[in-house]
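Going by the numbering used here, the first residue of the sequence shown is number 2, and it counts up by one from there. Ideal Cβ placement from N, Cα and C applies to all residues, glycine included.
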Amino acid sequence: MAPITGTVIFLFVAPGIVAGLIPYWISGWQVGPALGGIEPLRWLGVLVLLLGAVLLAETFARFALVGRGTPAPVYPTETLVVTGSYRFVRNPMYVAVVALILGQGLLFGSLAVLAYGAAIWLIVHLFVIGYEEPTLARSFGAQYERYRANVRRWIPRLTPWNPEQ
């Protein structure tokens with residue numbers, strides 16, 4: 002039960018603030034003119050938001066139920082999670098958070114939210130390279146190195162990686 006509770010708390014604290022509260026502070030969630038006057042960008046924003054929300058829910062559930070831990074570094078997973086969306090990209094949780102932010106930027110026509118999304122991606126990228134990947138390599142050794150060699154950090158594979166092969 003602890004992994005589920007911890008994961009739900011972390012979901013509201015981290016992505017809730019980063020992808021919800023701060024974009025709200027920036028945009029007021031007010032719909033402005035479509036970026037560049039291109040109305041379909043607004044609908045693209047809705048699609049990106051929906052996909053980001055589904056991906057975020059899937060990744061958080063997978064951490065709690067499969068990894069038996071949380072995304073929080075203080076209570077990490079017991080096992081390396083390489084199933085579901087993790088078969089396509091190594092960092093789907095971060096991809097989901099950035100998608101939520103960028104989707105809002107497109108929906109609300111907010112360049113400031115889009116810039117914030119780019120800044121968050123850069124911060125996350127530096128965190129992944131500087132902390133997360135070395136920590137996973139130490140924690141999971143050859144299993145992580147094999148996963149890392151087969152699944153890209155940010156750009157999804159077109160076909161899912163099969164850890165059994």
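Membership of Gly53 in the alpha helix (DSSP H) is indicated by the continuous run Pro41 to Leu66. Burial is judged here by how many other beta carbons sit within 10 angstroms of a residue's own beta carbon; Asn163 has fewer than 16 and is exposed.
In the DSSP assignment, Tyr145 falls within the unbroken alpha helix (DSSP H) covering Glu134 to Asn151.
Relative to the Cα of Phe13, the nearest Cα in the group Pro72, Leu36, Ile39 and Tyr145 belongs to Pro72.
Between Val114 and Pro41, the beta carbon gap of about 18 Å keeps them out of contact (Cβ cut-off 8 Å). Between Trp26 and the set Ile102, Ile156 and Arg153, the nearest pair of CA atoms involves Ile102. Annotation: the continuous alpha helix (DSSP H) that includes Ile102 extends over Pro93 to Phe109.
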